[in-house]
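Below you'll find the structure, written out as structure tokens, and then a few comments.
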Amino acid sequence: MDRRGFLIRSGGIVVGFSLLPAVMAQSQPAALPGSLQSNRMLDGWLRINADGTVTVFTGKVELGQGILTALAQIAADELDVNYGRITMVSADTSRSPNEGMTAGSQSVEQSGTALHYAAAEARDILLQTASSRLGVAAEQLSVSDGTISGGGAKTTYWELAQDTDLRREASGRVKPKPPARRNVIGKAIARRDIPKKVRGEPAYVQDLRLPEMVFGRVVRPPSRRATLEIIDEAAVSAMPGVVALVRDGNFLAVAAEREEQAIKAAEKIRALAKWREVADLPPNGSALYEQLQKLPSKDSVISAKAGVSVSAGATSIEAVYTRPYQCHASIGPSCAIAQFKEGKLTVWTHSQGVFPLREHLAKLTGIAQSEIVAVHVDGSGCYGHNGADDVAGDAALLARATGGRPVKLQWMREDEFGWEPYGSPMVIKMAGRLDAGRIVDWRHDIWSHPHSTRPGGAGTNLLAGADLAKPQYLGYPVNSPQPSGAADRNAVPLYDFPNQQVVLHYLPEMPLRTSALRTLGAYANVFALESFMDELAVAAAVDPVEFRLRHMKDARARAVIEAAVQRADWRPGAKGDGARGRGFAFAKYKNLAAYVAVVADIEIDRRSGELSVKRVVAVVDAGLIINPDGVKNQIEGGVIQSTSWTLKESLRYDRQKVLTRSWSEYPILTFPEVPAVDIVLLDRPDEKSLGTGEGSQGPTVAAIANAVAHATGRRARDLPFTPEKLKLLLA
Amino acid sequence: MGFTINVNGRARSAEAAGDTPLLYVLRNDFGLNGAKYGCGVGQCGACTVMIDGKATRSCVTALSSMNAKKVMTLESLSDGGKMHPLQQAFIEEQAAQCGYCANGMIMTAKALLDRTPRPTEAQIRKALAANFCRCGTHNRIVRAVQRAANQMVGGTRTAAVVEGVRA
């Protein structure tokens with residue numbers, strides 16, 4: 026694949042990507058919408074090509090969420106060109122806008138908003154150019170698939186391409202199309218990347234092959250903080266096909282001519298290496314949760330409200346909810362290709378953020394950022410900060426020893442389970458007081474490790490750094506502030522309570538590295554918050570939906586709740602029968618993104634403790650929907666992944682090492698266990714688009730928990746809801 | 028050591044140790060990308076190929092055992108430009124998020140449809156129970172298999188759930 030050829034071949038308006046002039050960064054630029062704010066040049070986003078195509082650049086990446094399709098729809102619609110003319114160029118430090126991470130369900134809001142405005146402005150510029158060329162007032166011109174006509178004259182974008190200069194700062198003054206004039210936005214357009222993926226064509230970084238490429242594997246220590254004492258390097262180097270062995274402190278990696286030779290060499294290293302190990306991992310289960318509450322914490326009040334005084338007669342209840350370490354567990358282990366040649370490092374990666382990765386690769390390797398290019402290529406499913414960045418670091422370190430030959434390094438399954446950054450365990454204590462059927466006081470306390478230790482910012486947030494002879498460590502992890510929050514994401518209730526306090530007990534020291542797993546803290550916070558709403562509703566003897574509506578003023582929240590009630594035929598006061606029940610839950614992700622209401626129907630075998638989720642109804646308000654099928658796919662995927670987390674998932678480890686090495690020690694939901702999922706989208710074309718990638722996970726876990734309580738009268742508060750635990754709960 | 032094996036109807040040769048997993052030979056020697064590395068121990072199904080008509084995990088299948096066997100990979104399902112009804116159905120149902128598992132889903136479903144042309148939903152779910160999907164695309168995959176089965180037994184063809192799908 027020749028990625029450089031692209032720039033040379035292009036015969037469009039401009040070649041390459043204009044960098045923001047340095048002077049502009051120093052003055053105070055006008056506010057621009059979405060990611061135009063930080064990537065202000067129009068030609069950084071769009072190029073009109075003489076050959077009748079349009080190239081769209083984005084800093085966001087395809088993670089299987091369909092973002093490149095949605096962004097192409099926006100550009101096509103705003104430009105008035107057929108969708109098929111759009112070519113997408115995704116994150117590449119040599120030519121795309123820098124939009125940081127593709128994370129937090131923000132791509133449509135950030136990149137999409139930028140493209141609405143950039144494309145609308147480009148269309149306007151093209152119309153002005155056409156107007157002067159044709160001698161027809163711009164107001165009299167119309168555009169159809171890039172053909173501009175009016176006043177009996179006609180031209181095309183493609184003819185104007187050479188004479189239209191998009192190398193200018195966006196003004197933000199040309200408004201995107203009104204809803205009535207859109208014709209590509211809002212359509213369920215087929216994803217651009219699926220055909221090649223179902224035909225077995227090269228689609229993933231794992232499939233990329235470069236001339237002279239060798240294969241690499243990394244050998245991680247057997248446990249955290251283990252130190253390497255002896256390794257017989259000569260015995261490894263003598264193995265068939267071995268091209269390079271890198272040992273730097275505790276970091277070990279090997280490259281070979283053939284992939285299976287690299288794997289065998291890595292196995293040999295593992296057999297030969299002697300390590301000094303320590304046993305300092307946390308305990309499991311309830312002992313873990315007790316320990317979390319005793320660790321040194323940085324406490325902050327996230328939200329506080331003191332309204333009316335509470336009468337002495339108010340009913341008080343309390344409950345504690347817990348969530349274990351959980352894994353991203355992508356089906357394909359992380360992979361990267363790195364080439365170090367003539368002082369320049371190129372890395373092909375499925376990282377969510379090629380620019381922050383480049384910055385940390387520079388720290389890790391000592392190669393200047395200006396000499397590093399990081400290019401995104403699709404990988405296996407990404408649900409947050411998995412091993413993608415770390416493996417790029419491993420490959421970069423190994424590539425310095427392969428004599429300029431590119432090296433493809435894929436983690437083995439046990440590397441991924443053993444060393445990916447996990448979703449943090451969490452303890453959430455809820456307390457509430459009820460008076461006259463209403464909540465009068467609310468308290469939510471969270472104990473959690475960090476939810477983002479991604480590359481970017483201080484330190485070196487690449488796993489290999491800490492193993493080097495001159496170790497480089499993670500920067501001090503910071504909890505993102507509200508309103509989006511991180512450990513405290515969705516902990517501030519959208520409900521209206523007269524008194525409330527939300528406190529985060531943030532635990533920056535991590536015995537096992539934790540980072541962003543889809544929704545960050547929202548999965549556990551919504552689990553606790555929405556379970557506790559049900560517990561209070563039961564205490565108040567009010568139907569849980571009615572109870573929620575009593576405390577909810579937000580009209581759009583009420584609308585999704587009411588639509589879910591209707592779709593699922595929710596019957597107030599219906600009783601569970603001991604084995605079957607249904608539960609309700611709601612959240613507006615981050616209190617900023619999509620509104621999602623969920624009704625879950627479950628069955629439970631009281632003797633075995635086996636829990637089965639039969640059907641999930643999800644109603645979604647995501648504002649303006651760019652691609653309804655894309656939204657449904659995200660919401661449905663979120664429901665099913667959350668069901669899997671909720672029923673099954675928990676990392677296994679002992680005091681010395683992580684024991685989860687294969688799917689045997691980390692079962693996930695399988696086809697026969699997957700619930701039917703019914704999704705209703707409330708389209709609001711006049712509202713701005715709201716992120717959906719993480720909208721359904723929180724409401725799903727809470728709806729399942731509420732359904733268990735509804736069926737059995739017993740409240741499951743300790744994730745995951747395995748048969749062993751449910752059997753005890755129901756005994 | 029040199030081995031010649033029959034892959035997608037052609038005799039192909041590779042110089043590799045006999046215990047080399049077939050997966051790496053298919054991918055690295057023959058440039059076939061369909062089968063994917065997922066777990067290396069036959070648990071997840073991403074590496075599934077057909078060997079003598081049976082869905083088989085290529086990550087735990089030794090190259091040396093392929094003598095006189097016929098290996099078929101995902102690539103063989105497309106006949107020139109024309110896709111297999113399963114591939115077409117995966118597109119028409121948009122039955123992928125990341126798509127990394129799609130190879131194993133399609134190859135396992137092919138083996139199912141070869142022996143059970145009209146499977147029930149429960150049979151499809153059972154057949155795919157040891158193929159893991161992490162994105163939560165299971166129900167779309169089941170619908171895609173149903174769609175392909177309907178088409179293959181001559182049933183009516185329904186419109187794709189999305190626009191812009193080329194038949």
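Chains A and B supply the protein sequences, listed in that same order. Quick note on numbering: my numbering labels position 202 of the first sequence as 227, and the sequence is numbered without any gaps. Quick note on numbering: my numbering labels position 125 of the second sequence as 152, and the sequence is numbered without any gaps. Using N, Cα and C, we set each Cβ at its ideal position, and we do this for glycine too.
- A direct Cα-to-Cα measurement between V34 of chain B and I78 of chain B gives close to 9 Å.
- The beta-bridge partner set that DSSP reports for G606 of chain A consists of A:I627.
- Inter-residue distance for S334 of chain A and S675 of chain A is about 42 Å (C-alpha atoms, whole angstroms).
- DSSP, reduced to helix, strand and coil, places I214 of chain A within a strand of the structure shown.
- For K222 of chain A, at least one C-beta of chain B is nearer than 8 Å to its own C-beta.
- Excluding its 5 nearest sequence neighbours in each direction, L313 of chain A has C-beta neighbours in its own chain below 8 Å: P307, P349 and P450, listed in chain order.
- Using a Cβ-Cβ distance cut-off of 8 Å, the segment 726-741 of chain A and the segment 624-640 of chain A are in contact, since at least three pairs of beta carbons, one from each stretch, lie closer than that value.
- Sequence-ordered contacts of the segment 676-700 of chain A with chain B read S687, W688, S689, I693, L694, T695, F696, P697, E698, V699 and P700 [C-beta pairs closer than 9 Å].
- Cα atoms of M126 of chain A and K85 of chain A: separation of roughly 7 Å, rounded to the nearest angstrom.
- Neighbours of P710 of chain A in chain B, taken as residues at a C-beta separation under 7 Å, are lacking, since the least C-beta distance is about 18 Å.
- Within a 10 Å sphere around the beta-carbon of P146 of chain B sit 16 or more other beta-carbons, which makes this residue buried.
- Going by DSSP, L755 of chain A is part of the alpha helix (DSSP H) stretching over P748 to L755.
- Taking 8 Å as the cut-off, the beta carbon of L423 of chain A is found closer than this to the beta carbon of G241 of chain A.
- Nearest C-alpha to R680 of chain A among A:R65, A:A95, A:R250 and A:Q231: A:R250.
- Chain-ordered, the chain A residues with CB closer than 8 Å to the CB of A43 of chain B read R283 and E285.
- At a cut-off of 8 Å between C-beta atoms, E635 of chain A does not count as an interface residue with respect to chain B.
- Around C162 of chain B, the same chain offers Q124 and C125 as residues with beta carbons nearer than 7 Å, after the five sequence neighbours per side are excluded.
- Linking H165 of chain B to D568 of chain A through their CA atoms gives a straight-line distance of about 33 Å.
- Put simply, the backbone Cα of R640 of chain A is about 5 Å away from that of P700 of chain A.
- Secondary-structure assignment with DSSP links M451 of chain A through a beta bridge to A:R348 and A:S473.
- Within chain A, the C-beta atoms nearer than 9 Å to that of M110 of chain B come from P220, V223 and R224, in chain order.
- Beta-bridge partners of V243 of chain A (DSSP): A:A278.
- Taking 4 residues as the minimum length, the alpha helix (DSSP H) runs contained wholly in the segment 53-135 of chain B are 112-119, in order along the chain.
- Segment contact: the segment 127-147 of chain A against the segment 55-66 of chain A, three or more CB-CB distances shorter than 8 Å; contact assigned.
- Secondary-structure assignment with DSSP links A269 of chain A through a beta bridge to A:A280.
- The C-alpha of S359 of chain A is placed about 11 Å away from the C-alpha of H353 of chain A.
- In this structure, G510 of chain A places its C-beta atom within 8 Å of the C-beta atom of I327 of chain A.
- Burial state of P508 of chain A is exposed, judged by a 10 Å Cβ sphere holding fewer than 16 other Cβ atoms.
- Each of A:F522, A:E441, A:P496 and A:P246 was checked against the Cα of Y64 of chain B, and the nearest Cα belongs to A:E441.
- Secondary structure note for Y408 of chain A: it is in no beta strand (DSSP E), with a DSSP letter that is neither H nor E.
- For a cut-off of 8 Å, the C-beta gap from V261 of chain A to K293 of chain A is around 6 Å, short enough to register as a contact.
- Within the segment 123-136 of chain B, contact with chain A at the beta-carbon level (separation under 7 Å) is assigned to A123, Q124, C125, G126, Y127, C128, A129, N130 and I133.
- Residues of chain A with a Cβ closer than 8 Å to the Cβ of F117 of chain B are, in chain order, I219 and V223.
- Under DSSP, the beta-bridge partners assigned to S325 of chain A are A:L529.
- Taking C-beta separations shorter than 6 Å and ignoring five residues to either side along the sequence, the partners of L49 of chain B in its chain run S85, T88 and L90, following chain order.
- Contact annotation for L88 of chain A against chain B: Q124 and C125 [CB-CB distance below 9 Å, chain order].
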